[in-house]
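Chains as they are written, first to last, in full-length UniProt numbering: chain A, 1 to 269; chain B, 1 to 304.
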């Protein structure tokens, strides 16, 4: 088929928009253990980057760096957001906390890390809004309800404590908390590990829907290739603190180049 | 020359019970506390002849401030005549020669637990509150090192979480005592177990307030004319206890904080929590020449 002469062809979005997240030369050692070795990563607005690798390959460390929970020995980290110039690793504790609360959302594998277990679910979401300075009760209540609704949490249980909820529901509360302030970047650390397959599918479904509706930029870490295949546009394979291969998801799964990736894909299939 | 001529004669204890170095320690920390309103200052809390938890923090501050011309009043749950208040008061006068009083307007040092007197305090009076738990962040942050960091960052968002959950659960703020309050726009303090009724009395007050926790070894202060604002939501106003319309069944006074006295028939009677204000009112009604000072609350309302 021949394109009509009036139609102007556009380059794919990935080629025209600058990356949202740029990490260059990040290294981190814990004693003798090398967790990350001169690692670089980019994430473009609206895309989902999947990070796979075996246990101990440094993928969780990388995610912790992205959430500014840990400082590397060397490296540069930038987010292309207004009023955020310079290396984010150089920010002081106060600025870091504000940035993490308002611009970055995170869902941990272990809900105990991300939630206040003895407070209500809606309160957990409201806490995020409180840190950002919201002081109206009605607004807190409304926005908490909205965020919980968006993460498909049953609203009749919004005032139950997370400790009384099932694992899947706890992940939904974490997700609601993470998206409450509409962050520029959503980090997911093994969000469905430990959930049974049907609940896992439901949570992934919610994540997919959110991604479609809000075009949130996501970084998802998992050792489960099924999860990555469902979610990710682009995949980064890590081993021993280095990136061994990266590319589009289909490309990685159909035509793995690196020996380790081949092993990984075959182990799954 | 003998050693006896160079040293002071033997005394059973130093003036005001505490030794000089203890008082110097406290004085330094008290000055620091005044300099940074509402900020908790750690101090070397000493042993006093009283169990921890019975007001040892307040007692140490009072002992440091005492002088022979002081007039001391001690209140426990609003009353001057309870065992704890009476024994602290007599101890204070025994170790310092200070005069004891029940009258708020007469006292120069007022040590209290649970209440701030209803009569207005003046610039020449010092209020000392005994605090059991000085850390407002404890319910939301069990780790005290992290809590200290949160104070440093003024990271107080989670305190509203407590209020949020109380409103969600009960439809209103249930925090009855120790209502977290922002001092001078910077530090959140817990104003000891005083009721909500008493917190507005600290706002821009003429008198100096010390709050001291002996067991937790922390003291903080509200200097005169300092803002003390209870934490509230922008759409849920701060409310004091609903006592404005209650009448004391003994003195006939209305518009002050009351104690509820359950009656045999299941109903309840009310009496003034500030017991000496009640005594004064009764004496006045009997025709004695007693003067009740100006009170914070007028007709059950705090003038703005």
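Positions of the beta carbon are idealized from the N, C-alpha and C atoms, including for glycine.
Separation of residue 165 of chain A and residue 100 of chain B (C-alpha to C-alpha, rounded to the nearest whole angstrom) is 58 Å. Residue 151 of chain A is not a Cβ neighbour of residue 193 of chain A, given a cutoff of 9 Å. Per DSSP, the continuous alpha helix (DSSP H) segment holding residue 165 of chain B begins and ends at 157-170. Within the segment 174-250 of chain A, the runs of alpha helix (DSSP H) that reach at least 4 residues and sit entirely inside it are, in chain order, 197-214, 225-231. At a cut-off of 9 Å between beta carbons, residue 239 of chain B makes no contact with chain A. Residue ranges of uninterrupted beta strand (DSSP E) with 3 or more members, entirely inside the segment 27-78 of chain B and ordered along the chain, are 71-76.
Nearest neighbour of residue 178 of chain B by Cα position, chosen from B:146, B:184, B:200, turns out to be B:200. A Cβ-Cβ separation of about 23 Å leaves residue 52 of chain B out of contact with residue 78 of chain B under the 8 Å criterion. Short of 6 Å from the beta carbon of residue 110 of chain B, and not among the five residues preceding or following it, lie these beta carbons of its own chain, in chain order: 73, 127.
CA-to-CA, the gap between residue 96 of chain A and residue 116 of chain A works out to about 20 Å. Contact annotation: the segment 19-26 of chain A touches the segment 38-50 of chain A, with at least three C-beta pairs closer than 8 Å. A distance of 9 Å or more separates the beta carbons of residue 215 of chain B and residue 41 of chain B. Residues of the segment 108-133 of chain A with a C-beta atom less than 9 Å from some C-beta of chain B are 116, 119, 120, 122, 123, 124, 126, 127, 128, 129, 130, 131, 132, 133, listed in chain order. The straight-line gap separating the alpha-carbon atoms of residue 119 of chain B and residue 155 of chain A is approximately 50 Å.
Residue ranges of uninterrupted beta strand (DSSP E) with 3 or more members, entirely inside the segment 57-99 of chain A and ordered along the chain, are 74-79. In the structure shown, the three-state DSSP call for residue 105 of chain A is strand. If you check the CB distance, residue 127 of chain A and residue 157 of chain B come in under 9 Å.
One alpha carbon belongs to residue 18 of chain B, the other to residue 64 of chain B, and they sit about 8 Å apart. One thing to note: residue 125 of chain A has its Cβ no nearer than 9 Å to the Cβ of residue 101 of chain A. Distance from the CA of residue 243 of chain B to the CA of residue 62 of chain A, rounded to the nearest whole angstrom, comes to 58 Å.
For residue 125 of chain A, the enclosing alpha helix (DSSP H) starts and ends at 121-131. Taking the CA atoms as reference points, residue 11 of chain B sits about 35 Å from residue 223 of chain B.
Contact of residue 10 of chain B with chain A by beta-carbon distance below 7 Å is absent, the smallest such distance being about 55 Å.
For residue 42 of chain A, the uninterrupted beta strand (DSSP E) segment begins and ends at 33-43. Spatial neighbours of residue 258 of chain B in its own chain (CB-CB distance under 7 Å, excluding positions within 5 residues in sequence) are listed in chain order as 243, 246, 248, 270, 271, 272, 273.
No Cβ of chain B is located within less than 9 Å of the beta carbon of residue 157 of chain A. Flagged as an interface residue toward chain A: residue 155 of chain B, by a C-beta distance shorter than 9 Å. Listed along chain A, the residues sitting closer than 7 Å to residue 165 of chain B by beta-carbon distance are 119, 120, 123.
Residue 153 of chain A is outside the set of residues whose beta carbon lies under 9 Å from a beta carbon in chain B.
By the Cβ test, the segment 75-83 of chain A is not in contact with the segment 256-267 of chain A, since fewer than three Cβ pairs between them sit closer than 8 Å. Within the DSSP bridge table, the entry for residue 187 of chain B names B:183 as partners. If the five residues before and after residue 66 of chain B are omitted, its C-beta is found closer than 6 Å to the C-beta atoms of 16, 96, 98, all from its own chain and listed in chain order. The C-beta of residue 264 of chain B has fewer than 16 other C-beta atoms within 10 Å across all chains shown, which makes the residue exposed. Taken through DSSP and simplified to helix, strand or coil, residue 259 of chain B comes out as strand.
For residue 145 of chain A, the closest Cβ of chain B is not nearer than 9 Å. Pairing residue 292 of chain B with residue 277 of chain B, the inter-Cα distance amounts to about 7 Å.
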